[in-house]
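Engineer:
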Amino acid sequence: MIRPSGEGSGPAARPDAIRRHNLSLILGNVHRDGPLTRADLTQRLGVSRSTVAALVSDLIALGLVEESVPVGGDGVGRPSHLVGPAARGPLVIGVDVDITHITSAAIGIGGRVVSRESIITGAHPVTPEQAVDMVVAAVGRLTAPLGRPVLAVGVSVPGTVNRNTRTVGEAPNLGWQDVALGEMLEKRLGPDLPVVIGNDADLSLLAELGRGSARGCDDVVYLIGRIGVGAGIVANGLPLTGRDGRAGEVGHNVVQTDGPACHCGKRGCLETIIGDVALLALAGRRVAPTEENVAAVFDDARAGDERALGAVRAVADWIGHALGNLVNTLNPQRVILGGSLAGVLALARVEVEHSLEQYAFDPGHPVELVMPRFGTDSALLGAAELAFAGLIEDPFLAVAHH
Numbered sequence: 012m013i014r015p016s017g018e019g020s021g022p023a024a025r026p027d028a029i030r031r032h033n034l035s036l037i038l039g040n041v042h043r044d045g046p047l048t049r050a051d052l053t054q055r056l057g058v059s060r061s062t063v064a065a066l067v068s069d070l071i072a073l074g075l076v077e078e079s080v081p082v083g084g085d086g087v088g089r090p091s092h093l094v095g096p097a098a099r100g101p102l103v104i105g106v107d108v109d110i111t112h113i114t115s116a117a118i119g120i121g122g123r124v125v126s127r128e129s130i131i132t133g134a135h136p137v138t139p140e141q142a143v144d145m146v147v148a149a150v151g152r153l154t155a156p157l158g159r160p161v162l163a164v165g166v167s168v169p170g171t172v173n174r175n176t177r178t179v180g181e182a183p184n185l186g187w188q189d190v191a192l193g194e195m196l197e198k199r200l201g202p203d204l205p206v207v208i209g210n211d212a213d214l215s216l217l218a219e220l221g222r223g224s225a226r227g228c229d230d231v232v233y234l235i236g237r238i239g240v241g242a243g244i245v246a247n248g249l250p251l252t253g254r255d256g257r258a259g260e261v262g263h264n265v266v267q268t269d270g271p272a273c274h275c276g277k278r279g280c281l282e283t284i285i286g287d288v289a290l291l292a293l294a295g296r297r298v299a300p301t302e303e304n305v306a307a308v309f310d311d312a313r314a315g316d317e318r319a320l321g322a323v324r325a326v327a328d329w330i331g332h333a334l335g336n337l338v339n340t341l342n343p344q345r346v347i348l349g350g351s352l353a354g355v356l357a358l359a360r361v362e363v364e365h366s367l368e369q370y371a372f373d374p375g376h377p378v379e380l381v382m383p384r385f386g387t388d389s390a391l392l393g394a395a396e397l398a399f400a401g402l403i404e405d406p407f408l409a410v411a412h413h
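Residues in the sequence shown are numbered consecutively from 12, following the numbering used here.
(1) Can you check DSSP and say which residues form a bridge with P26?
(2) For I330, count the other beta carbons within 10 Å of its own beta carbon; 16 or more makes it buried, fewer makes it exposed. Which is it?
(3) Out of R49, G248 and R257, which has the shortest C-alpha to C-alpha gap to D211?
(4) From which residue to which residue does the alpha helix (DSSP H) around A357 run?
(5) Throw me the rounded Cβ distance for the S35 and I403 pair, which I believe falls under 8 Å.
(6) Is it right to say P300 is buried, meaning 16 or more other beta carbons lie within 10 angstroms of its own, or is it exposed?
(7) What's the call for F399, buried or exposed, on a 16-neighbour Cβ count within 10 Å?
(8) Buried or exposed for H42, going by 16 or more other Cβ atoms inside 10 Å?
(9) Tell me the DSSP secondary structure of V406 in three-state form.
(10) Tell me which residue opens and which closes the alpha helix (DSSP H) that R49 is part of.
(11) Report the partner residues of G270 according to the DSSP bridge assignment.
(12) So, is S61 buried or exposed, given that buried needs 16 or more other C-beta atoms within 10 angstroms?
(13) Rounded C-beta distance between G165 and A394? I'm assuming under 8 Å.
(14) With respect to the beta strand (DSSP E) encompassing K330, which residues constitute its N-terminal and C-terminal limits?
(15) Within a Cβ cutoff of 7 Å, which residues of the same chain sit near L204, ignoring the five residues on either side of it in sequence?
(16) If A117 and V106 are in contact, beta carbons under 8 Å, what's the gap, nearest whole angstrom?
(17) Looking at the strands, I want to know which residues DSSP matches up with P250.
(18) Does E128 pass the burial test, meaning 16 or more other C-beta atoms within 10 Å, or should it be called exposed?
(19) For the alpha helix (DSSP H) that D69 lies in, which residues bound it at each end?
(20) Quick check on DSSP: helix, strand or coil for T178?
(21) Please name the residue, chosen from A65, G57, V80 and D230, that lies closest to T48 on a Cα-to-Cα basis.
(22) Quick one: what does DSSP say T171 is sitting in, helix, strand or coil?
(23) Checking 8 Å against the spacing of the C-beta atoms, do I104 and S115 come in under that value?
(24) Let me confirm a value: I284 is counted as buried when at least 16 other C-beta atoms fall within 10 Å, else exposed. Which label applies?
(25) Relative to the C-alpha of N175, which residue among A191, P169, L185 and E140 is closest?
(26) To the nearest angstrom, how far is it from the Cα of R254 to the Cα of P96?
(27) Between the stretch 193-200 and the stretch 136-155, are three or more C-beta pairs nearer than 8 Å?
(28) Using DSSP's beta-bridge definition, name the partner residues of C423.
(29) Quick check: the stretch 383-394 against the stretch 209-224, are there 3 or more CB pairs under 8 Å?
(30) Relative to the C-alpha of R99, which candidate in L93, V76, H92 and H112 has its C-alpha closest?
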């Protein structure tokens with residue numbers, strides 16, 4: 012994680028610390044909500060207009076925000092200037108490493124994707140070394156033509172992650188174990204481009220908390236389904252990650268003791284029942300578990316293909332079962348179903364909810380089931396949020412990258 016510089020101590024440090032804190036608040040509000048008037052910011056921070064004016068001027072000088080006059084309006088009175096992300100402001104690189112592809116994007120303040128690329132990794136999972144090669148090459152291709160400062164690289168991985176050591180503990184579907192991915196990437200990218208790493212479900216939820224379907228929710232679960240299945244969890248407003256980042260590995264909860272073999276070595280793990288491989292097998296399709304092939308099942312189900320629709324409904328029943336256990340354990344207000352699980356919810360919500368009602372001890376308090384606002388980009392945008400965290404906490408970090 013990018014850390015802000017120390018604030019020092021003593022009387023002289025306090026005004027600087029307050030100023031840094033207020034700059035952080037303004038930048039955070041603009042980053043999360045987009046362009047805001049100075050009046051909005053004055054109200055949100057609870058400070059004087061002159062203080063907001065001075066803080067905005069500081070952020071403009073740092074190249075982080077800019078002011079503009081809104082177009083249109085009723086023409087009555089002088090229009091309020093909007094404070095929004097700087098058009099040529101700093102970027103981060105967000106990376107989503109999945110089993111079948113690696114997607115990378117240059118992303119600006121406010122979560123705006125400036126450029127992106129996706130590489131199909133082939134029939135066999137990439138090794139850590141291959142993944143590092145691909146990410147380093149993608150960072151070069153994305154940043155070279157932009158001519159804008161790049162602050163950090165955030166990487167989403169489908170596995171357990173210790174964010175402090177930036178190590179991937181286990182990613183069974185990739186075949187990775189104890190991989191110092193952050194260190195490997197930083198050695199190649201150089202010390203001026205910090206690297207942060209997170210679990211795909213956790214980062215998907217991070218993106219949805221800021222601007223998406225989890226906003227304003229203190230108790231929420233993001234259940235992501237791709238080839239693997241995992242959960243990002245916020246309880247009482249705080250992320251639940253566990254001792255070393257393994258909380259939420261619900262894809263490896265055994266639900267059928269005599270079920271299909273899982274990459275983790277057990278049999279009948281949840282992801283072998285509701286993951287992409289299971290959906291395609293139930294639909295009778297011997298094809299690679301790519302996003303395109305999964306989408307084809309959903310398209311055919313919508314068109315009335317009975318085998319495809321039967322596969323979706325079978326997975327929906329098991330999703331409800333899994334959600335019942337999550338609801339009983341965590342009592343969330345809302346559950347977001349991401350990845351291919353969003354497609355199942357769109358086509359078979361009735362089946363998911365019926366199964367959930369059977370398994371959840373939640374009489375009279377039904378959990379809200381929603382789809383992610385950012386679709387399959389939630390993990391990618393969450394990786395960018397992780398990379399932006401240092402700048403939002405300490406906007407003066409921008410000085411080193413000018």
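We put the beta carbon where it would ideally sit given N, CA and C, even for glycine.
Structural biologist: Result, derived from the coordinates:
(1) Answer by DSSP bridge pairing: none, since P26 is not bridged.
(2) The Cβ neighbour count for I330, taken over all protein chains shown within 10 Å, is at least 16; the residue is labelled buried.
(3) Answer by Cα proximity: R257.
(4) Unbroken alpha helix (DSSP H) run through A357: S351 to Y370.
(5) Yes, S35 and I403 are in contact; Cβ-Cβ is about 6 Å, under 8 Å.
(6) Answer is buried; the Cβ neighbour count reaches 16.
(7) Counting Cβ neighbours within 10 Å, F399 comes out buried, since at least 16 surround it.
(8) Label assigned to H42: buried.
(9) In the sequence as displayed, the identity of residue 406 is Pro instead of Val. Helix.
(10) Per DSSP, the continuous alpha helix (DSSP H) segment holding R49 begins and ends at R49 to L56.
(11) For G270, which the question treats as bridged, DSSP gives no partner whatsoever.
(12) Exposed, by the Cβ-count rule.
(13) Taking a contact as a CB-CB distance under 8 Å, the pair G165 and A394 counts as one, their CB atoms being some 4 Å apart.
(14) Residue identity differs from the one stated: residue 330 is Ile in this sequence, not Lys. The continuous stretches of beta strand (DSSP E) do not include I330, which lies in the alpha helix (DSSP H) extending over residues E317 to L341.
(15) The residues are V161, A163 and V164.
(16) Taking the Cβ atoms as the reference, A117 lies roughly 11 Å from V106, outside the contact range of under 8 Å.
(17) P250 is bridged to V245.
(18) By the neighbour-count criterion, in which 16 or more other beta carbons inside 10 Å mark a residue as buried, E128 falls on the exposed side.
(19) For D69, the uninterrupted alpha helix (DSSP H) segment begins and ends at R60 to A72.
(20) T178 falls in the strand class under three-state DSSP.
(21) The candidate whose alpha carbon is nearest that of T48 is V80.
(22) T171 falls in the coil class under three-state DSSP.
(23) Against a cut-off of 8 Å, the Cβ pair of S115 and I104 comes out as a contact.
(24) The residue is buried, with at least 16 neighbouring Cβ atoms inside 10 Å.
(25) Residue A191 is the option with its Cα nearest to N175.
(26) Cα to Cα, the separation comes out at about 36 Å.
(27) Yes, they touch.
(28) In the structure as shown, the chain begins at 12 and stops at 413. Residue 423 is therefore absent and cannot be evaluated.
(29) Using a Cβ-Cβ distance cut-off of 8 Å, the stretch 383-394 and the stretch 209-224 are in contact, since at least three pairs of beta carbons, one from each stretch, lie closer than that value.
(30) Checked all of L93, V76, H92 and H112; the closest Cα to R99 is V76.
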